[in-house]
DNA sequence: GTCTATAGACCGATAGAC
DNA sequence: GTCTATCGGTCTATAGAC
């Protein structure tokens, strides 16, 4: 699964192990794969901890325990590192969507998705990319794998949104795209960070409160 | 009013023009004041456009049309520039709070505050500071004027929150601090930016939708 | 003539890239 | 491990006010 991530992000050596399934080539590819996974994990952690601008590739290399030059063998630029982290998160998101019961109510599906995103953020595994950085944005928009995954995930969630609006579980007057953005924004909601920093509430309580305010609002019902 | 900003941010010369109200000193101080205002405006714009990390002090100087060294005569560091921008926004916030009818319902006051914050963001006048940058955070936390203003504003809003919870206009089960953070987060809500980027809705419509989702949630009532 | 503020060159450090 | 660009921050010569 995550093999598709790396192979698309960087084509490895031109003499690909794809066609010739020699044992050595496969083994080598596996080694590369393992290391790439470690790199992406480190990027993911640093990205959620300090954000893109404050993350340095030296830090990434140090965290993985490899030389900076080796990093550039895998990923041609800092932006590509971030893109790879995003791609991996999106693949994890797809895997999570697959675990949901398709017969459940759309509204419950949406809540589950939001809970999952927020749990990821609280666990420090949600990369936070500044939407303002233009170079990063350009690279991301040029990354077809990232875009494709984002589209695929958005369409699955979007279908639930429209279904929930038709059954009047979600307000039908809101543009579906606004609902989608609102849900996505929970993945980088600073409220989580602030409440966690306060230290007097459990992660579960924080998540439930934010889910509640997201779907039911601040007002009393 | 904004005089109090600058005088606290940098004490100018030790031989202060405060005691001796000679015409020359006053005129000079006014010149400085006007320029400082221009600097803060530029910082504010750049801060809302690119964020703290991507904003360079060269850009600020260029935008104001002065030399970088002159900038440093006014503000001793880049962090102080950001702090001054935040202080100014908080002072504007206080001024806005003063315009509200004190006899109105607390819930309406809160909605008005959120609308004001979002309008500021859409107008590109809401400085966005990354909560992750530690040097900036340290400087801000050491800035007594910033902290004092933040406290003052938060207390006024907090009083409305508690009143609205007592009258059951806001859900009384939510911790007031969570409500406060949730409202503050609307000032940097990426949903506004995304919806505006879509280009098919007016600013007013976007603001009203987000106010609605904030207070009433995504669900149908 | 003196004194201040300015402008623009300049420096050291750091980070991305190779 | 090197190279280059950039950025935050400083230094100095000069222009202008008094």
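Residue numbers (my numbering), protein chains in the order written: chain A, -1 to 219; chain B, -1 to 219. Cβ atoms here follow ideal geometry from the backbone N, Cα and C, with glycine treated the same way.
Residue span of the alpha helix (DSSP H) that contains residue i, given as start and end
i                      : result
residue 160 of chain A : 142 to 164
residue 105 of chain B : 104 to 120
residue 181 of chain B : 174 to 183
residue 68 of chain B  : 66 to 72
residue 92 of chain A  : 76 to 97
residue 124 of chain A : Note, residue 124 of chain A: premise wrong, no alpha helix (DSSP H); not H, not E.
residue 193 of chain B : 188 to 196
Of the listed residues the options, nearest to residue i (C-alpha basis)
i                      : options                    : result
residue 88 of chain A  : A:71, A:65, A:42           : A:42
residue 103 of chain B : B:129, B:165, B:139        : B:165
residue 84 of chain B  : B:128, B:187, B:195, B:33  : B:128
residue 282 of chain B : B:73, B:148, B:157         : As shown, chain B starts at -1 and ends at 219. That puts residue 282 of chain B outside it, with no answer to give.
residue 186 of chain A : A:175, A:157, A:140, A:122 : A:122
residue 124 of chain A : A:40, A:218, A:219         : A:40
residue 96 of chain A  : A:217, A:50, A:57, A:155   : A:155
residue 100 of chain B : B:219, B:217, B:157        : B:157
Residues of its chain near residue i, where Cβ-Cβ distance is below 6 Å and the 5 sequence neighbours each way are ignored
i                      : result
residue 18 of chain B  : Note that residue 18 of chain B scores a pLDDT of 38, beneath 50, so its modelled location is shaky and nothing firm can be said.
residue 36 of chain A  : 62
residue 141 of chain B : 81
residue 29 of chain B  : none
residue 207 of chain B : none
DSSP bridge partner residues for residue i (one or two, in chain order)
i                      : result
residue 217 of chain A : B:168
Beta-carbon separation (whole angstroms), residue i vs residue j, contact threshold 8 Å
i                      : j                      : result
residue 112 of chain B : residue 209 of chain B : 6 Å
residue 180 of chain A : residue 211 of chain B : 6 Å
residue 45 of chain B  : residue 133 of chain B : Not really, about 15 Å apart at Cβ, beyond 8 Å.
residue 130 of chain A : residue 48 of chain B  : 5 Å
residue 215 of chain B : residue 214 of chain A : 4 Å
residue 188 of chain B : residue 183 of chain A : 5 Å
residue 175 of chain A : residue 196 of chain B : 7 Å
Own chain, CB closer than 7 Å to residue i, minus 5 neighbours either side, in chain order
i                      : result
residue 52 of chain A  : none
residue 168 of chain B : 105, 159, 162, 177
residue 91 of chain A  : 151
residue 76 of chain A  : 55
residue 193 of chain B : 199, 204
residue 98 of chain A  : 107, 110
residue 148 of chain B : 88
residue 50 of chain A  : 80, 127, 128, 131, 134
residue 57 of chain A  : 44
residue 20 of chain B  : For residue 20 of chain B, the predicted structure reports a pLDDT of 40, less than 50, and the residue's modelled location is therefore unreliable. A value from the coordinates is still provided. Here the set comprises nothing.
Proximal residues to residue i (C-beta, below 8 Å), its chain only, five neighbours per side dropped
i                      : result
residue 117 of chain B : 201, 205
residue 59 of chain A  : 65, 66, 68, 69
residue 120 of chain A : 190, 194, 201, 204, 205
residue 114 of chain B : 91, 94
residue 139 of chain B : 145
residue 135 of chain B : 129
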